[in-house]
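J.: Structure in structure tokens, see below.
Number of protein chains: 2
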Amino acid sequence: MGEQTYDDGISDISDKVGVILSELGEQEESYAHGLDEARNALKSIRNTEKSVQPSRDSKSKIADEIQKLKFKEPQSPRLVVLEQELVRAEAENLVAEAQLSNVTRQKLKEAYNAEFLATIERAEKQLILAKHGRRLLALLDDAPMVPGDRRPVYPHGAQARQILNDAEDDLRDWRPEADAYGTPESRSPTNSFRGRISQLMKQMRLILPQ
Amino acid sequence: MGEQTYDDGISDISDKVGVILSELGEQEESYAHGLDEARNALKSIRNTEKSVQPSRDSKSKIADEIQKLKFKEPQSPRLVVLEQELVRAEAENLVAEAQLSNVTRQKLKEAYNAEFLATIERAEKQLILAKHGRRLLALLDDAPMVPGDRRPVYPHGAQARQILNDAEDDLRDWRPEADAYGTPESRSPTNSFRGRISQLMKQMRLILPQ
Numbered sequence: 001m002g003e004q005t006y007d008d009g010i011s012d013i014s015d016k017v018g019v020i021l022s023e024l025g026e027q028e029e030s031y032a033h034g035l036d037e038a039r040n041a042l043k044s045i046r047n048t049e050k051s052v053q054p055s056r057d058s059k060s061k062i063a064d065e066i067q068k069l070k071f072k073e074p075q076s077p078r079l080v081v082l083e084q085e086l087v088r089a090e091a092e093n094l095v096a097e098a099q100l101s102n103v104t105r106q107k108l109k110e111a112y113n114a115e116f117l118a119t120i121e122r123a124e125k126q127l128i129l130a131k132h133g134r135r136l137l138a139l140l141d142d143a144p145m146v147p148g149d150r151r152p153v154y155p156h157g158a159q160a161r162q163i164l165n166d167a168e169d170d171l172r173d174w175r176p177e178a179d180a181y182g183t184p185e186s187r188s189p190t191n192s193f194r195g196r197i198s199q200l201m202k203q204m205r206l207i208l209p210q
Numbered sequence: 001m002g003e004q005t006y007d008d009g010i011s012d013i014s015d016k017v018g019v020i021l022s023e024l025g026e027q028e029e030s031y032a033h034g035l036d037e038a039r040n041a042l043k044s045i046r047n048t049e050k051s052v053q054p055s056r057d058s059k060s061k062i063a064d065e066i067q068k069l070k071f072k073e074p075q076s077p078r079l080v081v082l083e084q085e086l087v088r089a090e091a092e093n094l095v096a097e098a099q100l101s102n103v104t105r106q107k108l109k110e111a112y113n114a115e116f117l118a119t120i121e122r123a124e125k126q127l128i129l130a131k132h133g134r135r136l137l138a139l140l141d142d143a144p145m146v147p148g149d150r151r152p153v154y155p156h157g158a159q160a161r162q163i164l165n166d167a168e169d170d171l172r173d174w175r176p177e178a179d180a181y182g183t184p185e186s187r188s189p190t191n192s193f194r195g196r197i198s199q200l201m202k203q204m205r206l207i208l209p210q
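Sequence order for the protein chains is V and Z. Sequential numbering of the first sequence, starting at 1, is according to this note's numbering. Sequential numbering of the second sequence, starting at 1, is according to this note's numbering.
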């Protein structure tokens, strides 16, 4: 823009507004990158969901089989084996459901927190840039000229340069806000998982068919 | 997400985070609309630039012709006619250049101000939304469960609803900032243009070849 006006003010302000616009564009890219990370956390929920389904299916398949056999052949020795299989399938499913619930909650928070933090970072940095951009525009005299007049020599080169420096400084000094609503470090349930499973196994043995 | 967990907390928070995300998306659309308006202002600069070029060409074509004729046929009566044509072409070009300079400055400021204002509006509204979004996530208990445990009943339905109401209120109360660096209303140079042109014409008659 303004290449054909041979006009120092227009070309200086256009150039520097161009720097601001390109920096706004860089913030869009970081934001897109932040969204990708959020999407990855959501994928791990879907993956866990998929891995839990076979455990649900296997549990209900065995339960169905037991029902049918009890009806058709109530004395079958296979019933004992199936009851044992059902207890194992229930134990496995109990673990799978707990894993799914834990993964879903943790990753859901993680994913949307990442998305919101990326949104906040882009917003705050683009606010800095847009406000300095408007300071630049204010340096451009747009009082209409009449034909034959000359505009006074453009006096704002140093000031415009300073505005870009200010924008750069403000961006560099930007920090994410104190994390009032943050997710604490994920606590690994692995150890209590193991302990609880052996405890459950003991309880289950008590109800195993003799 | 979380459809397979039969979990009130996850489904309530997911739904309400979904509302925030869709509102974030609406802000993207308003922003894109604001950018379109900025682009239109830039187009009017390009159009004026295009319309000025023929006036420049015609002026220099006549000047060239005069130079050639002075060399080849210094006494030609056509020289007088050409000199008069040149004065007219210069007057027309003077007006065109002033128009271009005025349009360029006004529309450049208008376009980039519109772009920066759209950026600021999106940023401030998305900040509101993302911060309330993080409040929602904080209501989701992500302490890991061990297999066989039940999570306590989800107690935050009303609080989550209130967060959405807060977000809605804050968006509705949003106002653009006081316009410290704004462009004042465009002043039309039309009248002074006319006056100045007749003044110029008078001066030009004084230097017309007799």
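All C-beta atoms in this analysis are idealised placements derived from N, C-alpha and C, irrespective of residue type, glycine included. It should be emphasised that the depicted structure is a prediction, and the values quoted were computed from it without experimental measurement.
(1) Quick one: which residues of the segment 28–39 of chain V get their C-beta closer than 9 Å to a C-beta of chain Z? List them in chain order.
(2) Under 8 Å Cβ to Cβ from isoleucine 128 of chain Z, same chain only, skipping five residues before and after it: list those, please.
(3) Which residues of the segment 150–161 of chain V have a Cβ closer than 9 Å to any Cβ of chain Z? Give them in chain order.
(4) Skipping 5 residues on each side, what residues in its chain have a beta carbon closer than 7 Å to that of glutamine 99 of chain V?
(5) Which word fits alanine 41 of chain V, buried or exposed, when buried means at least 16 other C-beta atoms lie within 10 angstroms of its C-beta?
(6) How would you write the range of the alpha helix (DSSP H) that aspartate 142 of chain Z sits in, first residue to last?
(7) So what does DSSP say about tyrosine 154 of chain V, is it helix, strand or coil?
(8) Does the beta-carbon distance from tyrosine 222 of chain Z to glycine 9 of chain Z come in below 9 Å?
(9) Note down, in chain order, all residues in the segment 107–128 of chain Z with a beta-carbon under 8 Å from any beta-carbon belonging to chain V.
(10) Can you tell me the Cβ-Cβ gap for glycine 18 of chain Z and leucine 94 of chain V, rounded? I've got them flagged as a contact below 8 Å.
(11) For leucine 79 of chain Z and serine 14 of chain V, which I take to be in contact (beta-carbon distance under 8 Å), what is that distance rounded to the nearest angstrom?
(12) Looking at the structure shown, is glutamate 90 of chain Z part of a helix, part of a strand, or coil, going by DSSP?
(13) How many angstroms separate the CA atom of lysine 72 of chain V from the CA atom of methionine 145 of chain Z?
(14) Taking C-beta to C-beta, are alanine 114 of chain Z and leucine 139 of chain Z nearer than 9 Å?
(15) Do arginine 56 of chain Z and alanine 118 of chain Z come within 9 Å of each other at the CB atom, strictly closer than that value?
(16) For the alpha helix (DSSP H) containing glutamine 27 of chain Z, list its first residue and its last residue.
(17) What distance in whole Å lies between the Cβ atoms of aspartate 7 of chain Z and serine 101 of chain V, which are believed to be in contact at a cut-off of 8 Å?
(18) Hey, is arginine 88 of chain V's beta-carbon within less than 9 Å of any beta-carbon in chain Z?
(19) Nearest by alpha-carbon distance to serine 44 of chain Z: which of Z/Leu136, Z/Thr104 and Z/Pro152 is it?
(20) Select from V/Ile163, V/Lys125 and V/Tyr31 the residue whose C-alpha is nearest the C-alpha of histidine 132 of chain V.
(21) Return no unless some Cβ of chain Z is closer than 9 Å to the Cβ of aspartate 141 of chain V.
(22) Are the C-beta of glutamine 97 of chain Z and some C-beta of chain V separated by less than 9 Å?
(23) Taking 9 Å as the CB-CB limit, is leucine 164 of chain Z close to chain V?
(24) In whole angstroms, give me the CA-to-CA distance for alanine 123 of chain Z and leucine 137 of chain V.
(25) Can you list, in chain order, the stretches of the beta strand (DSSP E) that have 3 or more residues and sit fully within the segment 95–130 of chain V?
(26) Which chain Z residues sit within Cβ distance under 7 Å of asparagine 102 of chain V?
(27) Would a check of beta-carbon distances place aspartate 8 of chain Z closer than 9 Å to chain V?
T.: Once the coordinates are examined:
(1) none
(2) Ala167, Asp170, Leu171 and Trp174
(3) Arg151
(4) Thr48
(5) buried
(6) Element bounds for aspartate 142 of chain Z: n/a, residue is neither H nor E.
(7) coil
(8) The displayed coordinates of chain Z run from 1 to 210. Any statement about residue 222 of chain Z would go beyond what the structure contains.
(9) Leu108, Lys109, Tyr112, Asn113, Glu115, Phe116, Leu117, Thr119, Ile120, Arg122, Ala123, Glu124, Gln126 and Leu127
(10) That belief does not hold up - the Cβ atoms of glycine 18 of chain Z and leucine 94 of chain V are roughly 30 Å apart, past 8 Å.
(11) The Cβ separation is near 42 Å, so there is no contact.
(12) helix
(13) 40 Å
(14) no
(15) no
(16) 8–72
(17) 6 Å
(18) no
(19) Z/Thr104
(20) V/Ile163
(21) yes
(22) The residue you asked about is not glutamine; residue 97 of chain Z is glutamate in the sequence shown. It does: the Cβ of glutamate 97 of chain Z has a partner Cβ on chain V nearer than 9 Å.
(23) no
(24) 20 Å
(25) none
(26) Pro144 and Met145
(27) no
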